[in-house]
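Here the structure is laid out as structure tokens; the discussion comes afterwards.
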Amino acid sequence: DSGVTQTPKHLITATGQRVTLRCSPRSGDLSVYWYQQSLDQGLQFLIQYYNGEERAKGNILERFSAQQFPDLHSELNLSSLELGDSALYFCASSTPEGRWQETQYFGPGTRLLVL
Amino acid sequence: GQQVMQIPQYQHVQEGEDFTTYCNSSTTLSNIQWYKQRPGGHPVFLIQLVKSGEVKKQKRLTFQFGEAKKNSSLHITATQTTDVGTYFCAGGPYNFNKFYFGSGTKLNVKP
């Protein structure tokens, strides 16, 4: 158990809908990263937040947005969903400085299926 | 485009055989990390290499960082069925604003 929690575990929805994925980092970690992993694919970095502020942006679509709240939990919002958005979404957190050299601890992921 | 390339994509070995996966970057990396993802699981951090030419060992696993800090390898000696999973390398350039995961090498070990 990495100490990072993600909810829900599974999500089934229809095209055009909007969903929110939630992540709670490990105690003491200020940084949260979001990744997308399509079937049998690598990890695509989406976005990083550090202590409530956006720190780095990867290949995140305009239909997707994220935020980190004062209690450090983060939410990833996916809207106007398409079939191709079906994937495993991971959240990771890292030790306080939020730098890339740090170990990232991954949550169990949310499996999203868009029908 | 993809900054960190990883080969091979798949590797099937007989239990007891060795396994190696390679990671290559077009740019100099500040560090390289290796993660393992078991089937149905999430990536788990294995190790980080920072220095040029660095070699680290964890039991049957040997990790190397190239002299130019543009490539890395993970070698597993005498594979076991518990080694099954996908191994990812990850690294970023010195400006710290980008971090890339390799596409992963999926290892299957036949008993």
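Chains as they are written, first to last, in the numbering used here: chain A, 1 to 115; chain B, 1001 to 1111.
From the three backbone atoms N, C-alpha and C, an ideal C-beta is built for every residue, glycine too.
query: In chain A, which residues lie with their C-beta within 8 Å of the C-beta of His1042 (chain B)?
result: Ser2, Phe90, Phe106, Gly107, Pro108 and Gly109
query: Along chain B, which residues have their Cβ under 8 Å away from the Cβ of Thr103 (chain A)?
result: In chain order: Gln1033, Phe1045 and Gln1048.
field: Which of helix, strand or coil DSSP assigns to Thr7 (chain A)
entry: DSSP places Thr7 (chain A) in the strand class (E or B) of the three-state scheme.
- request: Identify each residue in the segment 28-45 of chain A for which the Cβ-Cβ distance to at least one residue of chain B is less than 7 Å, and report them in chain order.
  value: Gly42, Leu43 and Phe45
message: For Tyr1100 (chain B), which residues in the same chain have their Cβ closer than 6 Å to its Cβ, ignoring the five residues on either side in sequence?
response: Gln1003 and Val1004
Rounded Cβ spacing between Phe962 (chain B) and Lys1051 (chain B) (contact assumed at less than 8 Å): Only positions 1001 to 1111 of chain B appear in this structure, which leaves residue 962 (chain B) out of reach.
- request: Closer than 8 Å, Cβ to Cβ, to anything on chain A: give me those residues from the segment 1053-1086 of chain B, in chain order.
  value: none
message: Judging by CA-CA distance, which residue of A:Glu82, A:Ala87, A:Leu72 and A:Pro8 is the nearest neighbour of Glu62 (chain A)?
response: Considering only alpha carbons, the answer is A:Glu82.
- prompt: In whole angstroms, what separates the C-alpha of Gln961 (chain B) from that of Gln104 (chain A)?
  reply: This structure does not reach residue 961 (chain B), given that chain B is present from 1001 up to 1111, and the question cannot be answered.
task: Look at the alpha carbon of Tyr49 (chain A) and the alpha carbon of Gln1048 (chain B), and state the distance between them as a whole number of angstroms.
output: About 22 Å.
task: Consult DSSP for Leu83 (chain A) and reduce its assignment to one of helix, strand or coil.
output: helix
query: Does the segment 1010-1019 of chain B come within contact of the segment 22-35 of chain A, defined as at least 3 CB pairs closer than 8 Å?
result: Contact between the segment 1010-1019 of chain B and the segment 22-35 of chain A is absent, with fewer than three C-beta pairs closer than 8 Å.
- request: Write down the C-beta distance between Gln1009 (chain B) and Thr1105 (chain B) rounded to the nearest angstrom, noting that I regard them as a contact closer than 8 Å.
  value: 7 Å
message: So with CB distances below 7 Å, who are the chain A contacts of Ser1103 (chain B)?
response: Gly42
message: Just verifying my parser: in three-state terms, what is the DSSP assignment at Thr1082 (chain B)?
response: helix
message: Assuming Ser24 (chain A) is part of the beta strand (DSSP E), what are its boundary residues?
response: Val19 to Ser24
query: How is the beta strand (DSSP E) around Arg111 (chain A) delimited, first residue to last?
result: Per DSSP, Arg111 (chain A) belongs to the beta strand (DSSP E) from Thr110 to Val114.
task: Report all residues from its chain with a CB closer than 6 Å to the CB of Arg22 (chain A); omit the five preceding and five following residues, and keep chain order.
output: Residues of the same chain with a CB within less than 6 Å of the CB of Arg22 (chain A), apart from the 5 flanking positions on each side, are Thr7 and Glu75 in chain order.
- request: Buried or exposed for Gln68 (chain A), please, with buried defined as at least 16 other CB atoms from any protein chain shown within 10 angstroms of its CB.
  value: Residue environment analysis places Gln68 (chain A) among the buried positions, since at least 16 neighbouring C-beta atoms fall within 10 angstroms of its C-beta.
query: Rounded to whole angstroms, how far is the Cβ of Glu53 (chain A) from the Cβ of Ile47 (chain A), which I believe are closer than 8 Å?
result: 11 Å between Cβ atoms; not a contact.
- request: Starting from the Cα of Lys1028 (chain B), find the closest Cα among B:Asn1071, B:Arg1038, B:Pro1043 and B:His1042 and give me that residue.
  value: In the sequence as presented, Lys is not what sits at residue 1028 (chain B); that position holds Thr. Selected option, being the one with the closest Cα: B:Asn1071.
task: Compute the beta-carbon to beta-carbon distance between Asn1031 (chain B) and Gly1091 (chain B), rounded to the nearest angstrom, for a pair I have assumed lies under 8 Å.
output: 6 Å
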